[in-house]
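Report on the structure given below.
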Amino acid sequence: MINTKSIRWIMVVVVMFSSIAASAEERIVWQQGVDYIAVKELPGARSDKLSPTIPEVTVKQMLAGLKYEEEANVPDLLGYDHESASVFSASLAERLGQKVYAQLVQLSAGEVVTFSVSEIAPQILGLGGKPVTTSGTLFYANGALQLIVGELRVNFKKRFIRAGYPIQNGRYPTLAEMAAFRLDTGNLNEMSGAKWKLLPGGKVQQQVRSDWISVDVAAGSTTSV
């Protein structure tokens, strides 16, 4: 008879190997805990490396200016504007921008950069904070930076548990156990079906889909207005 402990570790192995198989073609270039940046081939992306003449600050501005709006739970009959919020804090946009730029300028044709990064989101009235994770795909195509967001400011641990990791004796998974798990980084052919939408900022940003923003890097600053 298989005991509870054995079942638990069987589930761990299943989850880890499922994640590894799904991302078998990715090349990890940076990882810290559950956060990572990787390079992989994406059929259909028609991507190319970013020209080094486009400065690093352009990517940082795009990430720092990116906002989103959550879908209303009920129809807004009064026409009120829903409050938008930043996808990344200024400090996270700075760090992520630096790391992904280093990869974008050396990609081979058909390659993209995928990422999953976390930060602490402040709570109401500044009482503590909660960890949130955002994942997505970045690449350069058709003269523009393309950003697809897969998961937006989610609880990574809850996503991991919902994927099949069982809770035993009240013990939650460790970072080491979760490190191989991958959040959705966006799909080139279909929307994620999330209850939010990205908001284009300024004339150089265009909304391809609710989860996809295209930024014309030849048109000047990418800062949202």
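Residue numbers (mature numbering (1 follows the signal peptide of the UniProt record, and there is no 0)): -24 to -1, 1 to 201.
Every residue gets a Cβ at the ideal spot worked out from N, C-alpha and C, and that includes glycine.
As the crow flies, the alpha-carbon of Ile189 is around 22 angstroms from that of Glu95.
Ile137: member of the alpha helix (DSSP H) spanning 132 to 138, first to last residue. With contact defined as three or more Cβ pairs closer than 8 angstroms, the stretch 103 to 121 and the stretch 158 to 165 are in contact.
Secondary structure remark: continuous beta strand (DSSP E) runs of at least 3 residues inside the stretch 44 to 130, in chain order: 87 to 98, 105 to 117, 120 to 130. Per DSSP, Leu39 is one residue of the alpha helix (DSSP H) stretching across 32 to 41. Sixteen is the threshold: since fewer than 16 other Cβ atoms of the shown chains lie within 10 Å of the Cβ of Ala85, the residue is exposed.
According to DSSP, Ser190 shares a beta bridge with Gln122, Gln182. Secondary structure note for Glu153: its alpha helix (DSSP H) is the uninterrupted segment 151 to 154. The alpha carbon of Gln122 has as its nearest neighbour, out of Glu1, Leu39, Thr29, the alpha carbon of Leu39. Taking the CA atoms as reference points, Lys36 sits about 17 angstroms from Ala61.
DSSP, read as helix, strand or coil, puts Asp160 in coil. Straight across, the Cα-Cα distance linking Arg147 with Ile137 is about 11 angstroms. Less than 8 angstroms separates the beta-carbon of Gly177 from that of Gly41. For Ala14, the uninterrupted beta strand (DSSP E) segment begins and ends at 11 to 17. Around Ala97, the same chain offers Gly105, Lys106, Val108, Arg129 as residues with beta carbons nearer than 7 angstroms, after the five sequence neighbours per side are excluded. With a cutoff of 8 angstroms on beta-carbon distance, Glu47 and Lys171 are scored as near each other. Annotation for Arg3: the continuous beta strand (DSSP E) segment containing it runs 3 to 8.
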